[in-house]
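Visitor: Sending over a structure as structure tokens; questions will come in a sec.
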Amino acid sequence: MIFQLDDDDIGFPNPTLAESDGLLAIGGDLRPDRLIAAYQNGIFPWYSDETPILWYSPHERFVLFPEELKISKSMRRMRRSGAFEVTLDKAFAEVITACALQPRRGQEGTWITADMQKAYTSLHVLEIAHSVEVWQEGQLVGGLYGIALGDVFCGESMFSQTPNASKAALIGLCQTQHYRLIDCQVYTEHLASMGARMIPREVYMGFLAGLGK
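Quick note on the working numbering: the sequence shown kicks off at 814 and runs consecutively.
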């Protein structure tokens, strides 16, 4: 069953009631308190300008434990070379814009709509959304952004304008030692090659509740 959200109530239905593809609810808005409530309940928005706001809670979650991060030999060499400089929260607006513009195989347009960019920038001002930037010769060439809930980081998107820049961003995030778990949301071969794996929703929710082991 897909639920219609009440515009005046920021609550969400039980995530276990989501459809097989993870779709749980439609409607509502992207006000900060609703977005925070969503992430606290393992729910995230994913939609386009052609649809209403769609809220998902997959039955399995694709996550990366920083201690399980796999760094290839070539990537280790690149990091030692000093080709990239990695920073945190230095250019959030630029990162989310670049993520929206990043071409993606099999995808037309972007799900990072203008409203999404505005909403997550508001969360950045509240120090809830964060970015990792990758620089090369003073130019922004890669990065990622997401939501921090205690020691869980909910990754939203990443971009790369030069080979390995997005990998450098993810490695930089893992090496902050701020997070026990990085939520990658949905499967990609790119992230699987770096050690991300599926876990059941109930295990993921345990981490959100501070119960993960």
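Just so you know, even glycine gets a beta-carbon here, dropped at the ideal spot from N, CA and C.
1. Could you check if Gly1023 is buried or exposed, using at least 16 other CB atoms within 10 Å of its CB as the buried criterion?
2. Mapping the DSSP letters down to three states, classify Phe905 as helix, strand or coil.
3. Does Ser935 come out as helix, strand or coil in the three-state DSSP assignment?
4. Alpha carbons only, please: which of Gln853, Val899, Phe972 is nearest the one belonging to Gly824?
5. Helix, strand or coil: which one does DSSP assign to Phe1020?
6. Mind checking Val876: buried by the 16 CB within 10 Å criterion, or exposed?
7. What's the call for Gly951, buried or exposed, on a 16-neighbour Cβ count within 10 Å?
8. Excluding the five sequence neighbours on either side, which residues of its own chain have a C-beta within less than 8 Å of the C-beta of His872, listed in chain order?
9. At 4 residues or longer, what runs of the alpha helix (DSSP H) sit wholly inside the stretch 924-990?
Guide: In terms of the structure at hand:
1. A residue is called buried once 16 or more other Cβ atoms fall within 10 Å of its Cβ, and Gly1023, having fewer, is exposed.
2. In this structure, Phe905 counts as helix in the three-state DSSP scheme.
3. helix
4. Gln853
5. helix
6. Answer is buried; the Cβ neighbour count reaches 16.
7. exposed
8. Ala831, Ser833, Gly835, Pro1013, Arg1014
9. 927-938, 978-987
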